[in-house]
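Here the structure comes first, spelled out in structure tokens, and everything after it is commentary.
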Amino acid sequence: MTHTAVGILLVVLSSLIEGLGEISFKKSRLQRQRQVFWVLLGVAIFVVQMSVYTAALRFLAVGAAFAMASLSFVFVALLSKYLLREAVTPVKWLGIALIMAGTSLIGAYA
Amino acid sequence: MPSSLGFPYKVAIGLALIIGMDTFVQLIWKVAALSLPETPSLDAIGAVINQPLFLVVAGLMICQLFIWLSVLGEADLSFAQPFFSISRITVCLASAYILAERITPQQMAGIALVCAGAWCISRTARNTIPGADERP
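Line by line, the protein sequences give chains A and B. The numbering used here applies: residue 2 is where the first sequence begins, and numbers increase by one. The numbering used here applies: residue 535 is where the second sequence begins, and numbers increase by one.
Set out below in structure tokens:
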């Protein structure tokens with residue numbers, strides 16, 4: 002596996018982990034009796050996410066990594082839909098697609 | 535169709551605070567990072583601990599977490615999280631203004647796309663009403 006492929010894999014993994022961290026934070030608001038548990042879990046997940054992203058930066062240029070990290074918007078939407086039963090409408094998907102394209106352009110030319 | 539009527543002032547103010555803080559954090563982080571040794575070492579860890587700007591960054595991040603949790607109490611995660619992307623615009627603009635970094639035409643196009651995406655999401659319901667999508 003090439004260095005670039007390892008970097009891409011790590012950014013994708015980091016985006017997925019970020020999505021799981023956000024789910025934990027949202028769960029803290031939905032399950033008030035386990036609020037502290039979900040917040041601490043969310044913080045722990047973000048520490049792991051930052052480590053994975055930092056590792057990815059060893060294999061990829063910052064601009065490319067930053068652009069690919071916008072995948073987190075997709076993972077958050079998918080995880081919200083399937084784990085939290087939130088309504089993710091076609092308009093929301095359109096917005097997410099536009100944001101992904103925009104952040105990719107901003108990052109790629111940074 | 536799930537819906538939440540009325541302008542979500544609490545969500546809007548919370549998101550504006552988070553985006554403002556995030557912009558500030560990114561700029562301070564960059565300035566603080568420039569003061570560190572180039573090669574990773576124990577000296578670099580010491581420099582981080584002794585650099586007050588990193589403490590400011592940590593403090594702001596904790597504030598952001600509490601505001602973010604309060605926003606999540608008012609809105610769906612899939613509604614609120616994409617608005618974080620606006621901080622990428624503000625960081626880009628602020629770094630151009632304060633740090634004299636250049637904004638390319640491609641980045642300007644990116645800013646326009648992010649604004650369009652955020653506008654699309656602002657048109658959707660901010661909270662899912664359980665069972666609203668289910669047909670009888």
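We treat Cβ as the ideally placed atom computed from N, Cα and C, and that holds for glycine. Note that the structure is predicted; figures quoted are calculated from it, not measured.
{"Check": "Between the CA atoms of G651 (chain B) and A98 (chain A) - distance to the nearest angstrom", "Outcome": "7 Å"}
{"Check": "Proximity test, M101 (chain A) beta-carbon vs the ligand GTP heavy atom, cut-off 6 Å", "Outcome": "The ligand GTP is absent from the structure shown, which contains no ligands of any kind."}
{"Check": "Reference K564 (chain B); option with closest CA among B:E635, B:Q615 and B:A643", "Outcome": "B:E635"}
{"Check": "DSSP three-state assignment for V121 (chain A), whether helix, strand or coil", "Outcome": "Residue 121 (chain A) lies beyond the stretch modelled for chain A, which goes from 2 to 111, so this question has no answer here."}
{"Check": "Contacting positions in the region 587-608 of chain B - beta carbon closer than 7 Å to chain A", "Outcome": "W602, L603, L606 and G607"}
{"Check": "Residues within the region 634-646 of chain B neighbouring chain A, beta-carbon criterion of under 8 Å", "Outcome": "T638, Q640, Q641, A643, G644, I645 and A646"}
{"Check": "Neighbour flag for A650 (chain B) against chain A, beta carbons, 7 Å", "Outcome": "yes"}
{"Check": "L606 (chain B) beta carbon less than 7 Å from that of F26 (chain A)", "Outcome": "yes"}
{"Check": "Alpha-carbon spacing of T624 (chain B) relative to L549 (chain B), whole angstroms", "Outcome": "13 Å"}
{"Check": "Residues of its chain near L551 (chain B), where Cβ-Cβ distance is below 7 Å and the 5 sequence neighbours each way are ignored", "Outcome": "I601"}
{"Check": "Cβ-based neighbour list, F588 (chain B), same chain, cut-off 7 Å, excluding 5 preceding and 5 following", "Outcome": "A566 and V582"}
{"Check": "Sub-7 Å separation of V53 (chain A) and L80 (chain A) beta-carbons", "Outcome": "no"}
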